[in-house]
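Read top to bottom, the protein sequences are chains A and B.
Throughout the first sequence, residue numbering follows this note's numbering, covering 6 to 121 in sequence.
Throughout the second sequence, residue numbering follows this note's numbering, covering 498 to 611 in sequence.
Backbone N, C-alpha and C fix where the C-beta goes; we use that ideal spot for every residue, glycine too.
Nothing here was measured: the structure is a model prediction, and the numbers come from that model.
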Amino acid sequence: EAQVTQNPRYLITVTGKKLTVTCSQNMNHEYMSWYRQDPGLGLRQIYYSMNVEVTDKGDVPEGYKVSRKEKRNFPLILESPSPNQTSLYFCASSPRSTGRTYNEQFFGPGTRLTVL
Amino acid sequence: GNSVTQMEGPVTLSEEAFLTINCTYTATGYPSLFWYVQYPGEGLQLLLKATKADDKGSNKGFEATYRKETTSFHLEKGSVQVSDSAVYFCALSISNSGYSTLTFGKGTMLLVSP
Chain A
6 EAQVTQNPRY LITVTGKKLT VTCSQNMNHE YMSWYRQDPG LGLRQIYYSM NVEVTDKGDV
66 PEGYKVSRKE KRNFPLILES PSPNQTSLYF CASSPRSTGR TYNEQFFGPG TRLTVL
Chain B
498 GNSVTQMEGP VTLSEEAFLT INCTYTATGY PSLFWYVQYP GEGLQLLLKA TKADDKGSNK
558 GFEATYRKET TSFHLEKGSV QVSDSAVYFC ALSISNSGYS TLTFGKGTML LVSP
């Protein structure tokens with residue numbers, strides 16, 4: 006089954022304790038992205054990656070790191086989490102577009118993170 | 498920059514009522530437009546899309562028409578069901594080096610009662 010998986014689905018942690026949220030896709034997609042969803046703010050892009058070893062900042066990158074060492078994986082790293090990073094996080098992937106043809110982004114199920 | 502504005506919710510309807518969720522956008526160039534749906538406890542799923550002016554996207558009884566003159570992409574459904582209760586996101590996409598980056602609205606929660 007084609008899918009994007011995220012782990013863990015739920016996480017409660019404390020300020021300053023490094024954590025990693027994993028994201029994996031089995032569709033051989035080039036493009037992967039992380040979003041956070043907050044009430045009243047919708048989804049905002051944190052980082053994205055156009056291919057292996059190619060990453061770039063989205064709209065709200067502060068406090069986050071990513072890496073893309075393999076095509077299928079795109080982990081999100083919080084080196085020193087703070088309470089304002091309490092949020093619902095989504096990973097997404099899509100294939101490369103051709104011309105103006107849009108290729109659907111496939112979303113993972115989400116990771117609910119609470120930082121105390 | 499690019500932005501999407503959609504009506505605030507929650508929108509509360511009775512089953513079989515008519516639904517409209519308004520969405521307007523600001524973009525440079527010629528964006529593609531989308532509606533995504535998020536059911537409780539799940540990720541986002543593409544509901545429908547339109548890639549150029551006057552295109553109509555449709556799926557599962559939902560429709561939206563790309564109106565360039567009013568920069569709008571309103572979502573409509575003639576008769577909603579309880580199972581349509583979800584959060585709906587309007588989004589636009591601009592091609593970026595062969596990849597489509599999405600800009601989302603803040604989402605509109607729809608609650609349908611029996």
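Check                                                                                                                                                  : Outcome
What does DSSP give as the partner residues of Q30/A in its beta bridges?                                                                              : V9/A
Can you pull the chain B residues whose beta carbon is under 7 Å from the beta carbon of E58/A, in chain order?                                        : Under the 7 Å cutoff, chain B gives no residues; its nearest Cβ is about 15 Å from E58/A.
List, in chain order, every chain B residue whose beta-carbon is nearer than 9 Å to that of P114/A.                                                    : G538, E539 and G540
If you follow the beta strand (DSSP E) that M37/A is in, where does it begin and where does it stop?                                                   : Y36 to D43
So L599/B contacts chain A; which residues on that side make the cut at Cβ distance below 7 Å?                                                         : Q110
Could you give the distance in angstroms between the alpha-carbon of E84/A and the alpha-carbon of Q90/A?                                              : 12 Å
What residues of chain A sit near F586/B, judged by a beta carbon separation below 9 Å?                                                                : G47 and L48
Which residues of chain A have a Cβ atom closer than 8 Å to the Cβ of G506/B, listed in chain order?                                                   : Within chain A, no residue comes near G506/B; the closest Cβ sits about 11 Å away, beyond 8 Å.
Of all the beta strand (DSSP E) runs that stay within the bounds of the region 515–581 of chain B, which reach a length of 3 or more residues?         : 516–518, 520–523, 529–535, 541–547, 553–556, 559–562 and 572–574
Considering only their Cβ atoms, is the gap separating L545/B from S555/B smaller than 9 Å?                                                            : yes
Straight-line CA distance for L599/B to K62/A?                                                                                                         : 14 Å
Quick one: what does DSSP say N499/B is sitting in, helix, strand or coil?                                                                             : coil
Report the option in V534/B, Q542/B, S500/B and G506/B whose CA atom is closest to the CA atom of Y522/B.                                              : S500/B
Quick check on R122/A: buried or exposed, where buried means 16 or more other Cβ atoms within 10 Å of its Cβ?                                          : Here chain A has residues from 6 to 121 only, and residue 122/A is not among them.
Using alpha carbons as the reference points, say which of L118/A, P88/A, L24/A and H34/A lies closest to N108/A.                                       : H34/A
The beta strand (DSSP E) that contains Y53/A, what's its start and end?                                                                                : G47 to N56
Select from the region 512–546 of chain B all residues with a C-beta closer than 9 Å to any C-beta belonging to chain A, and list them in chain order. : Y527, S529, F531, Y533, Q535, G538, E539, G540, L541, Q542, L543 and K546
On the DSSP bridge assignment, give the partners of K603/B in chain order.                                                                             : According to DSSP, which records beta bridges pairwise, K603/B is partnered with nothing at all.
Express the C-alpha separation of V65/A and R101/A in angstroms, rounding to a whole number.                                                           : 23 Å
Would you verify that the beta carbon of G558/B is, or is not, closer than 9 Å to some beta carbon of chain A?                                         : no
For the region 84–98 of chain A, enumerate the residues whose C-beta is nearer than 7 Å to any C-beta of chain B, in chain order.                      : F95
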